[in-house]
Amino acid sequence: MIANMNQPKIKRDPEGTRRRILLAAAEEFANGGLFGARVDQIARRAETNERMLYYYFGSKEQLFTAVLEHAFGALTEAERTLDLSGLAPVEAITRLAHFVWDYYRDHPELLRLVNNENLHEARYMQKSSRIREMISPIVATLGSILSRGESAGLFRSNVDPLRLYVTLSGMGYYIVSNRHTLAATLGRDFSTSTERAEIVQLNTEMLLAFLMRK
C-alpha cells in the first residue's frame, strides 16, 4: 500500500493528446489519403492508443473531417495576422495575393488534403459547417480592398471577390500541387526559388493587368 502511495501521479492532458492525434493524422492523411492512412500508425505517431483516438474523434472519417477543419483553421489564423487596412489598394491586393501563394508553398500538406478530399467529392468537408465560415473572412477582406480600389478610380468595377479569390488560389495552387508532374512532363522544377520568383512576378502582373483601369 505504501509503495502505491509513493507512485508518481500520471498527469492527464486531454487537449495535448487530442492535438497530437490531429497532427499525426494530418501527416498520415496528407501522405496516404483517407483510405491509405492507418489508425494504428496514427496512434503510434501520436504516442497514444487507438482507443483514445476513437474516444476523441469517434471514427476515422470523423478524424479526417477534424483534420480538414484544423488545416483550414490554421490558414484562417495566419490570415488574421494580415493587416491590410492601412495600405493603398494596389499594395494591399498584391500583399494578399502573395500571402495566399506563399502559404500554399509553405504548407503543401494542405493541398494534398484538399486533393484527397476532391477525390471524395468533398463528402467530408460538407459535414463541417466550420470550414465554410473559415473561408469567409479573407473573401470579405478581398472585397474591401476591391471596393477601396474602385472608389479611388484604380480598379475596374463589379469584380466579384469570391471569383477573384478562387482565381488567386488557383494561380498559387497549381504549381505547388502539380510540381512533380510539371517537372516530369516539362522538364522544369517550378519549386526552385528562381522559378518561383518568376512565376510570382508573372502572376502579379497578370492580376494587376486585369484589375487596373485602362
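Okay, so the sequence shown: first residue is 1 according to the UniProt record's numbering, each after it adds one. C-beta: ideal position from N, C-alpha, C; glycine also. Small disclaimer: the values here were computed from a predicted structure and weren't measured.
Residues in the same chain with beta-carbon distance under 6 Å from residue i, minus the five sequence neighbours each way, listed in chain order, please.
| i | result |
| --- | --- |
| alanine 143 | The question names alanine, but residue 143 in the sequence shown is glycine. Closer than 6 Å at the Cβ level, and outside the excluded window around glycine 143, lie Pro161. |
| arginine 179 | Phe190, Ser191 |
| alanine 3 | Legend: pLDDT at alanine 3 = 46, less than 50; position of this residue unreliable, value from coordinates given subsequently. Within the same chain, alanine 3 has no close Cβ partners at all. |
| methionine 5 | Residue placement at methionine 5 is poorly supported in this model, since its pLDDT is 47, which falls under 50; the coordinates still yield a value, given next. Taken in chain order, the list of residues that qualify is empty. |
| alanine 37 | Glu28, Phe29 |
Ignore the nearest five residues each way along the sequence and tell me which others in residue i's own chain have a CB closer than 7 Å to its CB.
| i | result |
| --- | --- |
| phenylalanine 64 | Phe29, Leu34, Tyr124 |
| glutamate 69 | Ser128, Arg130, Ile131 |
For residue i, which of helix, strand or coil comes out of DSSP?
| i | result |
| --- | --- |
| phenylalanine 72 | helix |
| phenylalanine 190 | coil |
Might you give, ordered along the chain, the residues of its own chain that have their beta carbon closer than 8 Å to the beta carbon of residue i, omitting 5 neighbours on each side?
| i | result |
| --- | --- |
| leucine 87 | Arg95 |
| isoleucine 10 | In this prediction, isoleucine 10 scores a pLDDT of 40, lower than 50, which makes its location untrustworthy; the coordinate-derived value is nonetheless stated afterwards. There are no such residues. |
| asparagine 115 | Ser177 |
For residue i, count neighbouring C-beta atoms within 10 Å of its own C-beta (all shown protein chains included) and say buried if the count is 16 or more, exposed if not.
| i | result |
| --- | --- |
| glycine 170 | exposed |
| glycine 153 | exposed |
| alanine 140 | exposed |
| leucine 186 | exposed |
| leucine 202 | exposed |
| glycine 172 | buried |
| alanine 184 | exposed |
| leucine 110 | buried |
| threonine 181 | exposed |
| leucine 119 | exposed |
| glycine 149 | buried |
For residue i, tell me which candidate among the options has the shortest Cα-Cα distance.
| i | options | result |
| --- | --- | --- |
| alanine 66 | Arg44, Thr181, Ala25, Val139 | Ala25 |
| valine 200 | Arg188, Met212, Lys214, Ile175 | Ile175 |
| proline 89 | Tyr56, Asn31, Ser151 | Ser151 |
| isoleucine 138 | Tyr104, Asn118, Asn116, Leu75 | Leu75 |
| arginine 18 | Glu195, Arg45, Thr194 | Arg45 |
| asparagine 31 | Arg112, Ala97, Phe57, Val100 | Arg112 |
Going residue by residue through the stretch 125 to 202, where are the continuous alpha helix (DSSP H) segments of at least 4 residues, counting only ones entirely within it? 130 to 151, 161 to 177, 179 to 186
Mind listing, in chain order, the continuous beta strand (DSSP E) runs of no fewer than 3 residues lying wholly within the UniProt domain "HTH tetR-type" (15 to 75)? none
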